[in-house]
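Structure first, commentary second.
Number of protein chains: 2
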Amino acid sequence: MPRTRRAATAPPIALPLAPERADLPLYVQLYQQLREHILSGVLPEGATLPSARTMAADLRLSRNTIDTAVGLLAADGFVQRRVGAGTIVADTERLSPRSTRPGRNEPGVATTVSPEARLSRRGLRLAACGDAEREADRRGLPTTVDVLGFPTMEWNRVLARALRERGPRVLQSADPQGDRALRRAISEHVRLARGVRCTPEQVLIVNSTQQALDLIGRLLLDSGDRVLLEDPGYPSARMAFEAAGATLGFLPVDRFGAVTDRLAEHEDARLLYVTPSHQFPLGVTLSLKRRAAALEWARAREAWIVEDDYDSEFRYDGQSIAALQGIDRDGRVLYIGTFNKVLFPGMRLAYLILPPALVEPFVSARRLSDGGSSSVPQAALAAFIRSGQFAAYLRRTRALYSERRDALVARLEALAPAVRVGASDTGLHLVALLDADVDDTALAAAAAGSGVGVAALSTYYAGGAGQRGLLLTFGAATPAAIEASMDALEPLLRRASSP
Amino acid sequence: MPRTRRAATAPPIALPLAPERADLPLYVQLYQQLREHILSGVLPEGATLPSARTMAADLRLSRNTIDTAVGLLAADGFVQRRVGAGTIVADTERLSPRSTRPGRNEPGVATTVSPEARLSRRGLRLAACGDAEREADRRGLPTTVDVLGFPTMEWNRVLARALRERGPRVLQSADPQGDRALRRAISEHVRLARGVRCTPEQVLIVNSTQQALDLIGRLLLDSGDRVLLEDPGYPSARMAFEAAGATLGFLPVDRFGAVTDRLAEHEDARLLYVTPSHQFPLGVTLSLKRRAAALEWARAREAWIVEDDYDSEFRYDGQSIAALQGIDRDGRVLYIGTFNKVLFPGMRLAYLILPPALVEPFVSARRLSDGGSSSVPQAALAAFIRSGQFAAYLRRTRALYSERRDALVARLEALAPAVRVGASDTGLHLVALLDADVDDTALAAAAAGSGVGVAALSTYYAGGAGQRGLLLTFGAATPAAIEASMDALEPLLRRASSP
Numbered sequence: 000m001p002r003t004r005r006a007a008t009a010p011p012i013a014l015p016l017a018p019e020r021a022d023l024p025l026y027v028q029l030y031q032q033l034r035e036h037i038l039s040g041v042l043p044e045g046a047t048l049p050s051a052r053t054m055a056a057d058l059r060l061s062r063n064t065i066d067t068a069v070g071l072l073a074a075d076g077f078v079q080r081r082v083g084a085g086t087i088v089a090d091t092e093r094l095s096p097r098s099t100r101p102g103r104n105e106p107g108v109a110t111t112v113s114p115e116a117r118l119s120r121r122g123l124r125l126a127a128c129g130d131a132e133r134e135a136d137r138r139g140l141p142t143t144v145d146v147l148g149f150p151t152m153e154w155n156r157v158l159a160r161a162l163r164e165r166g167p168r169v170l171q172s173a174d175p176q177g178d179r180a181l182r183r184a185i186s187e188h189v190r191l192a193r194g195v196r197c198t199p200e201q202v203l204i205v206n207s208t209q210q211a212l213d214l215i216g217r218l219l220l221d222s223g224d225r226v227l228l229e230d231p232g233y234p235s236a237r238m239a240f241e242a243a244g245a246t247l248g249f250l251p252v253d254r255f256g257a258v259t260d261r262l263a264e265h266e267d268a269r270l271l272y273v274t275p276s277h278q279f280p281l282g283v284t285l286s287l288k289r290r291a292a293a294l295e296w297a298r299a300r301e302a303w304i305v306e307d308d309y310d311s312e313f314r315y316d317g318q319s320i321a322a323l324q325g326i327d328r329d330g331r332v333l334y335i336g337t338f339n340k341v342l343f344p345g346m347r348l349a350y351l352i353l354p355p356a357l358v359e360p361f362v363s364a365r366r367l368s369d370g371g372s373s374s375v376p377q378a379a380l381a382a383f384i385r386s387g388q389f390a391a392y393l394r395r396t397r398a399l400y401s402e403r404r405d406a407l408v409a410r411l412e413a414l415a416p417a418v419r420v421g422a423s424d425t426g427l428h429l430v431a432l433l434d435a436d437v438d439d440t441a442l443a444a445a446a447a448g449s450g451v452g453v454a455a456l457s458t459y460y461a462g463g464a465g466q467r468g469l470l471l472t473f474g475a476a477t478p479a480a481i482e483a484s485m486d487a488l489e490p491l492l493r494r495a496s497s498p
Numbered sequence: 000m001p002r003t004r005r006a007a008t009a010p011p012i013a014l015p016l017a018p019e020r021a022d023l024p025l026y027v028q029l030y031q032q033l034r035e036h037i038l039s040g041v042l043p044e045g046a047t048l049p050s051a052r053t054m055a056a057d058l059r060l061s062r063n064t065i066d067t068a069v070g071l072l073a074a075d076g077f078v079q080r081r082v083g084a085g086t087i088v089a090d091t092e093r094l095s096p097r098s099t100r101p102g103r104n105e106p107g108v109a110t111t112v113s114p115e116a117r118l119s120r121r122g123l124r125l126a127a128c129g130d131a132e133r134e135a136d137r138r139g140l141p142t143t144v145d146v147l148g149f150p151t152m153e154w155n156r157v158l159a160r161a162l163r164e165r166g167p168r169v170l171q172s173a174d175p176q177g178d179r180a181l182r183r184a185i186s187e188h189v190r191l192a193r194g195v196r197c198t199p200e201q202v203l204i205v206n207s208t209q210q211a212l213d214l215i216g217r218l219l220l221d222s223g224d225r226v227l228l229e230d231p232g233y234p235s236a237r238m239a240f241e242a243a244g245a246t247l248g249f250l251p252v253d254r255f256g257a258v259t260d261r262l263a264e265h266e267d268a269r270l271l272y273v274t275p276s277h278q279f280p281l282g283v284t285l286s287l288k289r290r291a292a293a294l295e296w297a298r299a300r301e302a303w304i305v306e307d308d309y310d311s312e313f314r315y316d317g318q319s320i321a322a323l324q325g326i327d328r329d330g331r332v333l334y335i336g337t338f339n340k341v342l343f344p345g346m347r348l349a350y351l352i353l354p355p356a357l358v359e360p361f362v363s364a365r366r367l368s369d370g371g372s373s374s375v376p377q378a379a380l381a382a383f384i385r386s387g388q389f390a391a392y393l394r395r396t397r398a399l400y401s402e403r404r405d406a407l408v409a410r411l412e413a414l415a416p417a418v419r420v421g422a423s424d425t426g427l428h429l430v431a432l433l434d435a436d437v438d439d440t441a442l443a444a445a446a447a448g449s450g451v452g453v454a455a456l457s458t459y460y461a462g463g464a465g466q467r468g469l470l471l472t473f474g475a476a477t478p479a480a481i482e483a484s485m486d487a488l489e490p491l492l493r494r495a496s497s498p
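In the order they appear, the protein sequences are chains V and X.
Going by numbering that gives the first Met the number 0, the letters in the first sequence line up with residues 0 to 498, in that order.
Going by numbering that gives the first Met the number 0, the letters in the second sequence line up with residues 0 to 498, in that order.
Laid out in structure tokens, this is it:
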């Protein structure tokens with residue numbers, strides 16, 4: 000087609016505004032149609048657009064609509080406005096400079112696309128599980144960690160020193176497996192504190208327990224594979240495995256932890272997720288016998304065990320129990336620990352201790368899924384652990400939390416027998432067990448109404464039915480705040496428990 | 000079974016060491032069998048184990064093997080050694096304290112499980128793609144970013160100030176979508192610098208481009224869905240979509256970028272991945288006409304376009320071209336930008352600018368997949384951008400890189416016509432195009448032998464066939480280092496190109 004430079008006036012253009020796009024503003028429809036005409040050559044390079052007045056008359060649209068549409072075309076470089084020469088179609092084969100800046104922050108044209116219609120099937124499942132996780136989180140426990148006491152000055156010094164001492168190399172792309180010094184510090188820490196047996200090569204740094212679970216779901220499970228969870232249990236783990244497309248099975252929990260006798264009913268399961276040190280939410284500890292039974296089951300079935308050791312750093316009474324991982328002789332246990340609960344939630348550093356055979360595939364998957372964690376905080380944390388500052392901080396917070404737990408337990412015990420205090424020797428929350436006829440969901444709602452954030456135990460059961468009680472956190476509350484909360488909670492508890 | 004407390008001596012135990020586990024050390028087999036006997040009640044609580052000497056004789060094993068196995072049992076809490084009373088089976092129903100500390104860092108018993116046998120199908124694919132990505136990375140471009148000039152002191156001050164000014168709240172769990180102040184700063188930056196139209200609500204902070212691609216693959220693609228990529232193209236994107244199970248199709252690239260005329264051949268494709276500002280690896284810019292054609296295709300087919308704007312901050316000549324996202328009126332473009340190339344690779348902060356309809360599902364998926372990025376660096380980066388330090392740093396590095404590019408281009412142009420310099424007005428690398436009969440892979444290997452890290456252009460083509468050339472990075476090399484590299488490279492280039 001010969002180029003018609005400066006065509007004196009363009010003929011009227013056919014611009015049928017599509018009734019099926021009545022959901023789009025008229026100026027957008029006009030913009031789109033003019034753009035199509037430019038791209039198809041109907042309006043060739045150098046052609047002059049009809050004046051706004053002419054177009055408004057021809058198309059029976061307002062001047063404003065025309066001006067907005069042409070303004071968008073100019074902003075996008077499809078046309079140029081020349082004083083005295085009108086609006087000229089630009090050379091779109093070559094690059095056209097942007098003629099105007101877009102205005103204030105604004106979305107592009109609001110899309111009318113329904114996301115449901117265009118997400119993939121697995122995307123829909125992933126998004127739905129993420130929503131459910133947020134819901135569980137919202138109606139669940141309030142903040143458990145006291146960040147007020149975090150030594151931010153010390154931490155800043157450690158960060159600055161890491162940058163200074165490690166030099167520019169620490170700014171370079173991180174090893175997807177994680178900073179080696181940090182992996183060494185972690186393997187030493189978990190050996191001493193948790194009886195975990197590992198080398199630094201078995202440690203994979205991740206952003207969070209959630210990321211560890213996500214990688215596990217993607218690497219070890221196919222859609223339809225069976226996963227066993229504790230009931231009641233940790234909602235986020237459940238959602239992670241559901242997002243992976245797993246079929247879920249459940250083990251009940253009693254005072255010795257997950258009832259491993261029931262493992263025999265699940266021969267086909269590929270993975271068991273447990274919280275042996277401090278069962279979430281009941282707080283009990285898995286007995287050694289059951290630990291061994293779980294390991295034996297995993298060995299015989301070639302299944303995996305995921306040990307989520309989410310807050311065992313905070314043990315107040317009794318002797319620390321070695322991690323399940325420490326007595327695994329068959330390489331079947333994946334151990335998860337996190338700094339996001341011990342230090343501060345925004346830290347985003349956790350770790351996965353892998354059987355040797357799984358290290359390579361997990362590192363490859365981490366590399367492809369996000370490339371690794373932030374390098375400077377990793378270097379800083381390694382130094383924080385090595386220098387003993389981490390252990391000192393743990394001791395300080397453990398003493399603090401122990402005092403808070405005592406205050407809470409004392410108040411709850413005064414309410415016996417209506418309230419029985421669950422296991423409370425570890426962690427940052429405990430369960431106040433209630434009679435089976437108490438509506439704990441209504442009670443939690445009433446408590447929220449009185450400004451006390453608690454969660455109903457029954458909501459942590461897979462089927463919704465189960466023991467009744469309230470989950471109470473004490474990590475972030477001073478003893479005085481605990482007294483005040485209990486003053487508000489006590490009448491509600493008494494009323495709910497009275498026959 | 001009645002409990003036989005302190006049975007004077009236990010009868011000989013049947014411990015058939017399994018020949019099929021000949022891959023396991025004898026002490027492990029013995030440990031496992033004793034453990035099974037304890038758990039099954041054959042060796043009940045309180046029973047005394049036969050002495051090591053007796054067991055060694057009965058089982059025809061060395062004392063050393065017996066001692067190691069019993070030592071493991073004791074370490075794991077299954078037995079207790081009592082002076083004068085021998086080795087007693089512990090109460091495994093109750094919790095047993097760990098009686099000994101594990102030794103130095105050591106893996107548990109080395110597993111003989113083959114990971115291939117136990118990864119899921121999708122896990123195998125994910126790990127294989129991660130491996131391929133590492134391979135591509137290893138034989139690919141050397142470091143492109145100069146971290147030596149990064150203002151670490153300034154950055155430390157910004158980090159410390161963010162902690163001080165934001166207070167303890169910044170330590171709390173981050174919004175999975177990302178720090179609001181950072182999202183606001185990014186939406187402002189991309190509007191001014193890239194012509195991107197968005198509100199802060201459309202910005203999702205991610206750790207890296209890789210994480211953006213991973214989320215896109217999971218949310219928008221099902222296994223078997225068709226994805227279109229540029230050929231030659233970015234290997235990590237290809238691997239991310241392959242890991243998502245996508246079927247790949249390819250668009251050739253000429254001097255105006257990806258040849259969008261070929262889109263018509265791929266009606267069934269759900270997604271197109273492009274690098275419009277600075278095609279990777281060829282360096283060309285997608286023409287406005289083709290941008291519009293891609294948008295029109297996406298609108299008509301209800302497909303998605305992923306715009307990876309990986310290093311467009313570094314434009315040296317000509318006017319900046321607005322992002323494809325900026326002229327999308329239909330909400331079909333997902334725009335990816337990253338700070339890991341502009342600031343430092345270990346930073347792990349990038350962003351995805353989403354069509355409004357996709358924001359919610361992406362945030363839900365991010366929440367479930369790792370919960371969000373580290374909070375303090377996000378707050379610091381927001382302040383770094385707002386204060387103008389980011390823009391100042393960009394200006395400084397742009398001037399630095401421009402000088403380096405000039406040095407490299409001058410040397411290469413002196414080698415014409417054997418070498419033609421590809422587009423070099425943007426970014427941190429350029430392509431030295433060579434004749435079609437040059438073996439660029441051999442040339443890259445020879446260069447590596449001379450200490451010069453370059454990548455062969457032909458390896459970026461999907462089929463392996465394509466233009467020949469070398470990718471050269473100049474971001475991290477001083478002009479003097481560039482001269483030295485070119486002194487080494489020049490004879491190799493001359494030899495390879497001589498007929």
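Cβ atoms here follow ideal geometry from the backbone N, Cα and C, with glycine treated the same way.
With distances taken Cα to Cα, identify the nearest neighbour of residue i among the options.
i: TYR400/X; options: ALA483/X, ASP316/X and VAL375/X; result: ASP316/X
i: TYR459/X; options: THR151/X, PRO231/X, SER207/X and GLU44/X; result: PRO231/X
i: ALA398/X; options: SER372/X, SER386/X, LEU427/X and PRO376/X; result: LEU427/X
i: GLY336/V; options: VAL195/V, SER286/V and SER423/V; result: VAL195/V
i: ILE384/V; options: VAL362/V, PRO49/V and VAL341/V; result: VAL341/V
i: ASN206/X; options: LEU348/V, VAL332/V, MET238/V and ARG160/V; result: LEU348/V
i: CYS197/X; options: PHE338/X, SER496/X, ALA161/X and TYR334/X; result: TYR334/X
i: GLN466/X; options: VAL420/X, PHE338/X and ARG163/X; result: VAL420/X
Residue i touches chain X at which residues, Cβ-Cβ below 7 Å?
i: GLU132/V; result: ARG366 and LEU367
i: ILE326/V; result: ASP75
i: GLN31/V; result: ARG328
i: SER207/V; result: ASP369 and GLY370
Would you list the one or two residues that DSSP bridges to residue i?
i: GLN377/X; result: Answer by DSSP bridge pairing: none, since GLN377/X is not bridged.
Who are the neighbours of residue i on chain V, taking C-beta pairs under 9 Å?
i: ARG34/X; result: ALA291, LEU294, GLU295, ILE326 and ARG328
Residues of chain X with CB under 8 Å from residue i, in chain order?
i: SER61/V; result: What SER61/V touches in chain X: nothing, since even the nearest Cβ is about 19 Å away.
i: GLY282/V; result: What GLY282/V touches in chain X: nothing, since even the nearest Cβ is about 14 Å away.
_At a CB distance below 9 Å, what residues from the region 63 to 77 of chain X approach chain V? Give them in sequence order._
Residues LEU71, ALA74, ASP75, GLY76 and PHE77.
*Going along the chain, which residues of the region 285 to 296 of chain X sit with their C-beta nearer than 8 Å to a C-beta in chain V?*
Of all residues in the region 285 to 296 of chain X, SER286, LEU287, LYS288, ALA291, ALA292 and GLU295 have a Cβ within less than 8 Å of some Cβ in chain V.
*Report the residues of the region 414 to 441 of chain V with a CB closer than 8 Å to any CB of chain X, ordered along the chain.*
Within the region 414 to 441 of chain V, no residue has a Cβ that lies closer than 8 Å to any Cβ of chain X.
*Would the region 402 to 412 of chain V and the region 481 to 488 of chain V be scored as touching if the rule is three or more Cβ pairs under 8 Å?*
Verdict: yes, contact present.
*Please determine if the region 219 to 226 of chain V and the region 254 to 264 of chain V are in contact, where contact requires at least 3 C-beta pairs separated by less than 8 Å.*
Between the region 219 to 226 of chain V and the region 254 to 264 of chain V, the count of C-beta pairs closer than 8 Å stays below three; the two stretches do not touch.
*chain X contacts from the region 146 to 168 of chain V (Cβ-Cβ distance under 7 Å)*: Identification of residues in the region 146 to 168 of chain V having a C-beta nearer than 7 Å to some C-beta of chain X yields VAL146, LEU147, PHE149, THR151, ASN155, LEU158, ALA159, LEU162 and PRO167, given in sequence order.
*asked:* Pairs of beta-carbons, one from the region 273 to 282 of chain V and one from the region 237 to 245 of chain V, closer than 8 Å: are there three or more?
replied: Short answer: they don't touch.
*asked:* Closer than 8 Å is the cut-off here; do at least three beta carbon pairs connect the region 444 to 451 of chain X with the region 119 to 132 of chain X?
replied: The region 444 to 451 of chain X is not in contact with the region 119 to 132 of chain X.
*asked:* Check whether the region 287 to 305 of chain V and the region 320 to 332 of chain V touch, using three or more Cβ-Cβ pairs below 8 Å as the test.
replied: Output reads yes: the region 320 to 332 of chain V touches the region 287 to 305 of chain V.
*Do three or more CB pairs link the region 22 to 39 of chain V to the region 57 to 71 of chain V at distances below 8 Å?*
Short answer: they touch.
*On the three-pair Cβ rule with 8 Å, is the region 185 to 202 of chain V touching the region 210 to 222 of chain V?*
The region 185 to 202 of chain V is not in contact with the region 210 to 222 of chain V.
*Interface residues of the region 384 to 397 of chain V facing chain X [CB-CB below 8 Å]*: From the region 384 to 397 of chain V, no residue has a Cβ closer than 8 Å to chain X.
_Chain-ordered residues of the region 238 to 267 of chain V with a beta carbon less than 8 Å from chain X_ = Those residues of the region 238 to 267 of chain V placed with their C-beta closer than 8 Å to a C-beta in chain X are MET238, ALA239, ALA242 and PHE255, ordered along the chain.
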